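What follows is a set of notes on a single structure, which appears directly below.
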Amino acid sequence: MSGAHLVIASGGTGGHFYPTLAVAREFLRSHSDGRVTLLISGKHVEEQRKISSEFGIDAIEIPSVRLPGSLVGKLYFPFSMLSCVLKARSVLSQLRPSVVLGMGSFAAVPACFAVDGKRVPLVLHEGNSYMGKANRFFVRKARAIGLSLPLADTGQVKGTPYEEVGMPLREAIVNASRDDSPCDPAYRPSLGLANDRKTILVFGGSQGAKAVNQLFAQATKFLANEAEKIQFIHLTGSDDNAEIIEAYKSAGILASVRRADSHIEECYRAADLVVCRSGASSICELALFGKPLVLIPLPTAADDHQTVNATVLEKAGAAKRLNQLTATPEELADIIRNVLDDPQAWSERGEKLRQFGKPNAAAGMVALIDRVLEEKG
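In terms of the working numbering, the sequence shown is residues 632 to 1008.
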């Protein structure tokens, strides 16, 4: 494997890019004479190229197209995709990779199409418990698949060798999860919170925060009697937070409400309960911390994969699942009261969640790639 060149086809959202970056950095650490090139696409290309360059990793933009929704789009789609594949093929012929890793997003499709799987092995990484469209399409072409979470239906791999390596995560997240010391006593007060109350972390993610925000705004009035026992870190994904701030204030509940937190790992450490969507990255991050977890799957997620993720965890006793379409503010308030009344049961859920956490996921993914390279010879 001397001088091996890994090309990773990724891009799209941060949920695909940051695991890509983690694998790339680990590959370079473990291959002193190795090389990594990223093939990226989507609206965050410039930002991702800049981040990659900070780590000394080359990133090349290649065009990609999403599956169309309109009839006209469907008519033009084969021609648009062909153009993207030809561009990817040209780039790959110049790069001469030893192996190509597809990270499962729409941005990876042209490169996975273009790679000659007989000469250059293709490896896939799947983040969710329900395999995405891109990976389902290329699964028979791949030599191996790395999984973040257990598949709900292992038949999706179509006989291709697979391994649960975990989700490669940012070093800041992994390092914080390895620190078993209590949360810094100055952290909660720095947010205007107290150290003697149960802290509930709420976030909805960039694609689906609104419904979660509204549910909590409505639930606060049912939690007024618990106001002296609980407090919230609520990351709304929005700068328009006056309504939800007022809802917490009216119920007499301490809350730190803001768009996001660039150091989410500190929020994880401070939390006694987390309520969030069930995207794979969020689940895998929280699994490292073993926090009691309530999942509200985004119902519009592709193939309803977030519901599948949440169901896998719920069946394992590792999380509680709420259906956004049927959940009520009263039901949410009852869950929070139950956390106060039966902390041991919720602590056990958190410990069961830890079995899904794999802090060495990046190294596991690189080891899988290395085995494919060894088989290739």
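In this text, a Cβ means the ideal position worked out from N, Cα and C, and glycines have one as well. These figures come from a predicted structure and were not determined experimentally.
**Message:** I want to know whether the region 981 to 993 touches the region 940 to 948 - three or more CB-CB distances under 8 Å.
**Reply:** Cβ pair count under 8 Å is three or more, so yes.
**Beta-bridge partners of Val833, as assigned by DSSP** = Val833 pairs with His865, Val906.
**Prompt:** Is it right to say Arg660 is buried, meaning 16 or more other beta carbons lie within 10 angstroms of its own, or is it exposed?
**Reply:** Per the 10 Å Cβ criterion, exposed.
**Request:** Check Ala640 in the structure and name its three-state DSSP category.
**Result:** DSSP places Ala640 within a strand segment (E or B) once states are collapsed to three.
**Request:** Determine the contact status of Ala886 and Phe863, defining contact as a CB-CB distance below 8 Å.
**Result:** Yes.
**Asked** How long is the line joining the alpha carbons of Leu732 and Ala655, rounded to whole angstroms?
**Response** Rounded to the nearest angstrom, the two C-alpha atoms are 10 Å apart.
**Message:** Ignoring anything shorter than 3 residues, give me the beta strand (DSSP E) runs that lie fully in the region 774 to 849, in order along the chain.
**Reply:** Entirely contained in the region 774 to 849, the beta strand (DSSP E) runs reaching 3 residues are, in chain order, 775 to 778, 793 to 795, 829 to 834.
**Item:** Asn806, buried or exposed, once every other Cβ within 10 Å from all chains shown has been counted against 16
**Value:** A residue is called buried once 16 or more other Cβ atoms fall within 10 Å of its Cβ, and Asn806, having fewer, is exposed.
**For Glu677, three-class secondary structure by DSSP** = The DSSP-derived three-state label of Glu677 is helix.
**Request:** Look at the alpha carbon of Gly868 and the alpha carbon of Asp934, and state the distance between them as a whole number of angstroms.
**Result:** Straight-line Cα distance between these residues: approximately 23 Å.
**Asked** Looking at C-alpha atoms only, which residue of Phe744, Glu982, Tyr879 is the closest neighbour of Val722?
**Response** For Val722, the closest alpha carbon among the candidates Phe744, Glu982, Tyr879 is that of Phe744.
**Asked** Near Ala817, what residues of its chain come up, given a Cβ to Cβ distance below 6 Å and the 5 sequence neighbours on each side ignored?
**Response** Closer than 6 Å at the Cβ level, and outside the excluded window around Ala817, lies no residue.
**Asked** Between the Cα of Gln849 and the Cα atoms of Val696, Gly687, Ala958, which residue gives the shortest distance?
**Response** Among Val696, Gly687, Ala958, the Cα nearest to that of Gln849 is on Ala958.
**Prompt:** Taking just the CA atoms, how far does His756 sit from Ala783?
**Reply:** Roughly 16 Å between the two C-alpha positions.
**Message:** Relative to the C-alpha of Gly665, which candidate in Pro728, Leu652, Ile691 has its C-alpha closest?
**Reply:** For the options Pro728, Leu652, Ile691, the alpha carbon positioned closest to that of Gly665 is the one of Pro728.
**Prompt:** Under 8 Å, do Ile861 and Arg828 count as touching if we go by C-beta distance?
**Reply:** A distance below 8 Å separates the beta carbons of Ile861 and Arg828.
**Request:** Would you mind reading off the limits of the alpha helix (DSSP H) that contains Ala941?
**Result:** Ala941: member of the alpha helix (DSSP H) spanning 936 to 946, first to last residue.
**Message:** Comparing C-alpha positions only, which one of Lys772, Ser812, Tyr879 sits nearest to Asn856?
**Reply:** Per the Cα distances, Tyr879.
**Request:** Return the chain-ordered ranges of every alpha helix (DSSP H) run that is complete within the region 869 to 936 and spans a minimum of 4 residues.
**Result:** The alpha helix (DSSP H) runs of length 4 or more contained entirely in the region 869 to 936 are, from start to end of the chain, 873 to 881, 895 to 901, 911 to 920.
**Prompt:** Is Asn759 closer than 8 Å to Ala911 when the C-beta atoms are compared?
**Reply:** For Ala911 and Asn759, yes; Cβs fall inside 8 Å.
**Asked** Quick one: what does DSSP say His662 is sitting in, helix, strand or coil?
**Response** His662 sits in coil when the DSSP states are folded into three classes, being neither helix nor strand.
**Asked** Tell me the DSSP bridge mates of Val731?
**Response** Bridge partners of Val731: Val638, Leu753.
**Message:** For Ile967, report the span of its alpha helix (DSSP H) as first-last.
**Reply:** It spans 960 to 972 - the alpha helix (DSSP H) in which Ile967 sits, taken as one unbroken run.
**Asked** Between which two residues does the alpha helix (DSSP H) containing Ala719 stretch?
**Response** Note, Ala719: alpha helix (DSSP H), 702 to 726.
**Item:** Those residues which DSSP pairs with Arg771 across a bridge
**Value:** BP columns for Arg771 are empty, so no partner.
**Request:** Sort Gly748, Thr668, Val770, Met762 by Cα distance to Gln725 and report the nearest one.
**Result:** Ranking the options by Cα distance to Gln725, first place goes to Thr668.
**Asked** From the DSSP output, which residues share a beta bridge with Ile671?
**Response** DSSP lists Glu692 as partners of Ile671.
**Request:** Consult DSSP for Arg980 and reduce its assignment to one of helix, strand or coil.
**Result:** Assigned with DSSP and collapsed to three states, Arg980 falls in helix.
**Request:** Just mark Ala803 as buried or exposed, buried being the case when its beta carbon has 16 or more other beta carbons within 10 Å.
**Result:** By the 10 Å Cβ count, Ala803 comes out exposed.
**Asked** Relative to the C-alpha of Glu916, which residue among Met996, Arg801, Met712, Asp815 is closest?
**Response** It is Arg801.
**Request:** Identify, in the order they occur along the chain, each residue of the same chain with its Cβ nearer than 6 Å to the Cβ of Pro792, setting aside the five sequence neighbours on each side.
**Result:** Same-chain partners within the cutoff: Ala775.
**Asked** From Ala873, Tyr761, Arg908, Leu832, pick the residue whose C-alpha is nearest to that of Ala901; which is it?
**Response** Considering only alpha carbons, the answer is Leu832.
**Prompt:** DSSP three-state call for Lys860: helix, strand or coil?
**Reply:** Note: Lys860 maps to coil in three-state DSSP.
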